[in-house]
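A quick write-up on the structure given underneath.
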Amino acid sequence: MVNIEYTITKDIGIYLNDAIDLIISGGQWSSKSYVKNTITSSEYIVLATHNKKLIGIFLAKNKLKFKDITYCIGGLLSVNEEYRNKSVGYNLIKLRDNSSNIDLFIATINPKNEISIKTFLKSKYKYHNDLYYNTNFYERLYYKPISNKNNLNIKIILDNIINK
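Heads up, the sequence shown is in my numbering, so the first residue is 190 and it goes up one at a time.
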């Protein structure tokens, strides 16, 4: 079994260049300057390392407020090809979901990126209006997940955030 370490940080430090290369290698982004700016301006970063080598990264960009909800529109989840299908992406998402002070995490995913979509759905994210969102925020803070009314409430919140 591979010993993978997961860390949440604000400062990527020595992993910056490796993170840029890892994200670019995923094929969704090609601009190193865009990726570097996104990494360095992120609210926080979840890293996966093996033997001090970066093998996965998940960023949470732009912490925002809407009414009494703190939310992040996320971006840039990438896992080294050698470590895919070993739950690294799933673990990065779950660590982020379970250890932040952000109520709602919203991910935008290219519709052609089937691997990321499957990973987010496996992580129990829901889909609405081209956005994937975590549901644990209302379970922890706002609603008891006992009816379809709760799904309507989250869709109203997402629509308000989108149209803000």
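Note that the Cβ used here is the ideal one computed from N, Cα and C, for glycine as well.
Neighbourhood of residue i by C-beta, 8 Å cutoff - its chain only, sequence neighbours within 5 removed
i	result
residue 257	none
Residue environment, residue i, which counts as buried when at least 16 other CB atoms sit within 10 Å
i	result
residue 211	buried
residue 202	exposed
Rounded separation between residue i and residue j - CA only
i	j	result
residue 215	residue 323	23 Å
residue 207	residue 281	17 Å
residue 302	residue 199	26 Å
residue 354	residue 209	Here the chain comprises residues numbered 190 to 353, so residue 354 is not present and cannot be evaluated.
residue 251	residue 240	30 Å
residue 330	residue 261	Annotation note: pLDDT 48 at residue 330 (below 50); position unreliable, coordinate value reported separately. Approximately 16 Å, taken between the alpha carbons.
Close beta carbons around residue i, own chain, < 7 Å, minus the five adjacent residues each side
i	result
residue 305	266, 298
Residues near residue i in its chain [Cβ-Cβ closer than 6 Å; skip 5 each side]
i	result
residue 284	195, 235
residue 221	209
DSSP three-state assignment for residue i, whether helix, strand or coil
i	result
residue 197	strand
residue 278	helix
residue 230	coil
residue 191	coil
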